[in-house]
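Undergrad: For the sequence shown, the positions run 1 to 297 when UniProt numbering is used.
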Amino acid sequence: MLAAAKTVIYALGRLVPIQPQSVAQGAQLCRILQGHQFFTTLGRLSKAGDDPGQIVREYQAASRALKEDTPAERFYLSVKPPALRFVRDHAAAIAATALENGHGIHFDSHKFQETDATLQLLDELIGMRLPGPPGTSPWRYSLSLPTRWKRSREDARWAAQRGVRVRLVKGDFPGPADEELDPMEGCLELVDLVAGQVPELALASHDCALALDTVMHCRKTGTKVSLELFFGRPATAMLALGKDLGVPVGFYVPYGETLSVYLVRDLLANPLKLLRPDALEIFGTHQTKLARIARAL
């Protein structure tokens, strides 16, 4: 049953290919968004069987392409450790190039059972003390913490002890039943836990109410906070909120042949997203979405 569902989802995704599919297209989209004064991060959506070496080369190419015309603090790479097979040499090759160019490295979250391996890999990278030019960014490494998992409390302390930037996400993958909690409550709890303890806190969400609460919590403690949006999802309301609050707003730019598959799967898993007042923003080419973003400025 599950295999059949996956087959249908992949078939639907291939019918309507969505850009950016290549790293060059993704880097160009980041460049355009940065021209509108947004910070950006580029992340490859991988599939089983992808070559880790190719992923390394693509990330290195993106960092080099954006080195000359992008302030270092406006761009960083978002890496999925499982796609690198948790191999330190792969992660170190990406990090060495990025840090040399003044770009940060972020580790995305994945399945619950892969979290320990993700933290171990990040810890090894930090311990390597890779060189890089001094920059204006207060951090070099960053980590996603799913607000739906209880274990993220301890992982937040782990990040704070190492000076790692934290990106709060709801999390696409469930944990064990005794590890699950309400994502909104978990988010605010994590904000209070890391406030003033990490170099920067980013909230990856398109929920305006949650974003407002998060920013207010951070301001009470003087914690630097930013809002991070997934390019391709509704953004107008969050852009308006960011403007009203005066907080930095950025975009996670996904790329890859499975981008359309990811978006189809997300809608099938969360059909209520189609009932949102801004649901129409999901549809259209990336040029259409860029035009909407420009109008919201």
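Don't be surprised by glycine CBs; every beta carbon is placed ideally from N, CA and C. Small disclaimer: the values here were computed from a predicted structure and weren't measured.
Below 8 Å, how does it come out for the stretch 104-116 and the stretch 138-146: are there three or more Cβ pairs, yes or no?
TA: A contact exists between the stretch 104-116 and the stretch 138-146.
Undergrad: Distance check for F75 and Y255, CA to CA, integer angstroms please.
TA: Going by the C-alpha atoms only, they are around 15 Å apart.
Undergrad: Using three-state DSSP, classify P81 as helix, strand or coil.
TA: It is helical.
Undergrad: Is the CB-CB distance between F39 and G250 below 8 Å?
TA: Their beta carbons are under 8 Å apart, which means F39 touches G250 by this criterion.
Undergrad: Go through its chain and collect everything with a Cβ distance to G26's Cβ below 6 Å, but skip five positions before and after it.
TA: Answer for G26: P20, L42, V253, Y255, listed in chain order.
Undergrad: With H, G and I counted as helix, E and B as strand and the rest as coil, what does DSSP make of S63?
TA: The answer is helix: DSSP assigns S63 an H, G or I state.
Undergrad: So, with DSSP's three-state summary, where would you put L45?
TA: Three-state DSSP puts L45 in coil, outside helix and strand.
Undergrad: Taking all protein chains shown into account, decide if Q54 is buried (16 or more other Cβ within 10 angstroms of its Cβ) or exposed.
TA: Exposed, since its Cβ has fewer than 16 Cβ neighbours within 10 Å.
Undergrad: Can you say whether Q37 is buried or exposed, counting buried as having 16 or more other CB atoms within 10 angstroms of its CB?
TA: Counting Cβ neighbours within 10 Å, Q37 comes out exposed, since fewer than 16 surround it.
Undergrad: Residues in its own chain within less than 8 Å of R276 by CB, not counting five upstream and five downstream?
TA: Excluding residues within five positions, the ones whose Cβ falls inside 8 Å are P234.
Undergrad: Report the rounded CA-to-CA distance for P133 versus G102, giving the unit in angstroms.
TA: If I take the Cα positions, the gap works out to 6 Å.
Undergrad: Taking the C-alpha atoms as reference points, what is the distance between L33 and L290?
TA: Approximately 8 Å between the Cα atoms of the pair.
Undergrad: Considering only C-alpha positions, which residue in the set L239, D89, P248, R31 is nearest to E200?
TA: For E200, the nearest C-alpha among the options comes from P248.
Undergrad: Do L168 and L203 have their C-beta atoms within less than 8 Å of each other?
TA: Yes. Within cutoff.
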